[in-house]
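Asks: Residue numbers (the numbering used here), protein chains in the order written: chain R, 15 to 234; chain P, 15 to 234.
The structure is given below, and queries will be raised subsequently.
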DNA sequence: GATGCATGTAAGTAAGTGCTTGCATCTACG
DNA sequence: CGTAGATGCAAGCACTTACTTACATGCATC
């Protein structure tokens, strides 16, 4: 309603499509349905508007809540939940993320602020993985930071590549996450124990794993 | 030497720094040490120059050789080799890759051609993983496409994020790859079997694994 | 020495860009 | 009613950008 809000919203949208250089004041004003002069009256300059839009927008779009519990109970369910939310957030903001990445060389400071969020999420995931292993729900001497990078890496890769190279992601978003989580659980030694797949041998018992609070739904 | 070559080289460099819109003909000509008019005489238009530069440049920079053998022998060594090369290629071209990604919405066709390479590499990796499992060197019912996405995802994530969010990658490039490969081997059921994590005991012999053609260097 | 070819130089054009100015209009509120 | 503040509108300004034109220069080859 308010011209100011409309401008912020339009700025974000035009920026996502055309980047800083392509987001001309004329284009933004038109997208906002507002006179170009009003833009300068409110924000002083194009740079001011973009800064305002980028500092408020993505903060609202994304979220600090990682959906990872303090005390791990059901790693598969919890990681799936995390992946779904994180992937969705990435996919929704993919245009803006790509633009920010592309402008890293020219506007490092803008990109830096945009990077704070993934850094925080990565930290949260790393902490969760450490707790998981501490509680004996995962085994191995893997590096938690690298493991976090691995999971967030696939999600990022999927969210960024799904639209521009669909051949690489023939499965649905939902199935993809299932596959990623299953692989990841194996990687951190928290996967399903007995697995006869191709070469069955002895389904050796796996060490203590606390009883599930709530079971996960899917299991193929 | 040749003005044409200098222009192509300069175009690629300026594009990597400023993107399509920021790569002005003046800037490119100056970077090439050539008169601006010469640019138009050779390539007709800025678009023509950029197209020529982008179609020759990255093809030379990257490589189709994935370093993955037809017959898997030593998965750890082979995947490490693959990761090193792929990561290095990604990291070296990170500026151009970021720019292309950022311009996907505006120039989908350009981005599409840039995407052909990762698609091919992904296919090669998927094939390798299938062969690996077929030969009994990996176990589990994981999805090969998703597994390929997982490994390429971390590499991509690392190569793109290492400079703009170093907090997320506190380890060296080399160590990172070691961690990723170790995690990945576990994920696809090709990791080291016995693993007492924090408390090492007997360096128990590992079960049948075909004799190494060439041994890998490091082993932590 | 003459011809042709690649390049440099100078100038200019039309369009777009960020931003400003001056003035008219509308609306809310005393 | 009157006034103040927010907005629209038209025009313009200084600058950049892609691209063109016209002409001069160097260099190799016949």
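The C-beta atom is built at its ideal place from N, Cα and C for all residues, glycine as well.
For the alpha helix (DSSP H) that contains residue 104 of chain R, what are its first and last residues?
Replies: 89-106 is the extent of the alpha helix (DSSP H) around residue 104 of chain R.
Asks: Can you list, in chain order, the residues of its chain whose CB lies under 6 Å from that of residue 42 of chain P, leaving out five sequence neighbours each side?
Replies: Result list for residue 42 of chain P: 24, 25, 28, in chain order.
Asks: Determine the chain P residues that contact residue 133 of chain R at a beta-carbon separation under 8 Å, and present them in chain order.
Replies: Those within 8 Å of residue 133 of chain R in chain P are 179, 181, 182.
Asks: Residues of chain P with a CB under 9 Å from the CB of residue 201 of chain R: which are they?
Replies: Near residue 201 of chain R (Cβ distances below 9 Å), the residues of chain P are 164, 196, 197, 198, 199, 200, 201, 202, 205.
Asks: Can you tell me whether residue 61 of chain R is buried or exposed? The criterion is at least 16 other CB atoms within 10 Å of its CB, across all chains shown.
Replies: That one is exposed.
Asks: Could you name each continuous alpha helix (DSSP H) segment of 4 residues or more that falls completely within the stretch 142-179 of chain P, going from the start of the chain to the end?
Replies: The stretch 142-179 of chain P contains these whole alpha helix (DSSP H) runs: 158-175.
Asks: Going by beta carbon distance, what residues of the same chain come within less than 8 Å of residue 54 of chain P, once the five residues before and after it are set aside?
Replies: Once the five neighbours on either side are set aside, the close Cβ partners of residue 54 of chain P are 39.
Asks: How about residue 148 of chain R: is its C-beta nearer than 8 Å to some C-beta of chain P?
Replies: Answer no: the Cβ-Cβ gap between residue 148 of chain R and chain P never drops below 8 Å.
Asks: Would you report the Cα separation of residue 212 of chain P and residue 147 of chain R, rounded to the nearest angstrom?
Replies: For residue 212 of chain P, the predicted structure reports a pLDDT of 43, less than 50, and the residue's modelled location is therefore unreliable. A value from the coordinates is still provided. If I take the Cα positions, the gap works out to 11 Å.
Asks: In three-state DSSP terms, what is residue 38 of chain R?
Replies: In this structure, residue 38 of chain R counts as coil in the three-state DSSP scheme.
Asks: Count the other C-beta atoms from every protein chain shown that fall within 10 angstroms of the C-beta of residue 86 of chain R, then say buried if there are 16 or more, exposed otherwise.
Replies: Residue 86 of chain R comes out buried.
Asks: Would you mind telling me which residues of chain P sit closer than 8 Å to residue 35 of chain R, beta carbon to beta carbon, in chain order?
Replies: Correct list: 33, 35, 36.
Asks: Should residue 108 of chain P and residue 174 of chain P be called a contact, given that it needs their Cβ atoms to be closer than 8 Å?
Replies: Taking 8 Å as the Cβ cut-off, residue 108 of chain P and residue 174 of chain P qualify as a contacting pair.
Asks: Does residue 144 of chain R have its Cβ less than 8 Å from a Cβ in chain P?
Replies: So no, residue 144 of chain R is outside the interface.
Asks: Could one say the Cβ of residue 186 of chain P lies closer than 8 Å to chain R's Cβ atoms, at least one of them?
Replies: Output row for residue 186 of chain P: interface = no.
Asks: Mind checking residue 130 of chain P: buried by the 16 CB within 10 Å criterion, or exposed?
Replies: Exposed, because fewer than 16 other Cβ atoms sit within 10 Å of the Cβ of residue 130 of chain P.
Asks: How is residue 190 of chain R classed by DSSP in three states: helix, strand or coil?
Replies: Residue state, collapsed to three classes: helix.
Asks: Buried or exposed for residue 70 of chain R, going by 16 or more other Cβ atoms inside 10 Å?
Replies: By the neighbour-count rule (16 or more Cβ atoms within 10 Å), residue 70 of chain R is not buried but exposed.
Asks: Tell me which residues share the same chain as residue 209 of chain P and place their Cβ nearer than 6 Å to its Cβ, disregarding the 5 neighbours each side in the sequence.
Replies: Unreliable positioning characterises residue 209 of chain P in this predicted model, as indicated by a pLDDT of 45, which lies under 50. The coordinate reading is nonetheless provided below. Here the set comprises nothing.
Asks: Excluding sequence positions up to five away, which residues of its chain have a Cβ less than 8 Å from the Cβ of residue 185 of chain R?
Replies: Cβ within range, chain order: 193.
Asks: According to the Cβ coordinates, are residue 161 of chain R and residue 201 of chain R closer than 8 Å?
Replies: Cβ distance < 8 Å, so residue 161 of chain R and residue 201 of chain R count as in contact.
Asks: Taking C-beta to C-beta, are residue 190 of chain R and residue 113 of chain R nearer than 8 Å?
Replies: No. Outside cutoff.
Asks: Counting only beta-carbon separations shorter than 8 Å, does residue 24 of chain P have a partner in chain R?
Replies: So, not an interface residue.
Asks: Could you tell me the boundaries of the alpha helix (DSSP H) in which residue 50 of chain P lies?
Replies: Note, residue 50 of chain P: alpha helix (DSSP H), 50-57.
Asks: Residue 28 of chain R CB to nearest chain P CB: under 8 Å?
Replies: It does not; no Cβ of chain P falls within 8 Å.
Asks: Put residue 82 of chain R into one of helix, strand or coil per three-state DSSP.
Replies: If DSSP states are grouped into helix, strand and coil, residue 82 of chain R belongs with coil.
Asks: At a CB-CB cut-off below 8 Å, which residues of chain R make contact with residue 172 of chain P?
Replies: Chain R residues near residue 172 of chain P: 163, 167.
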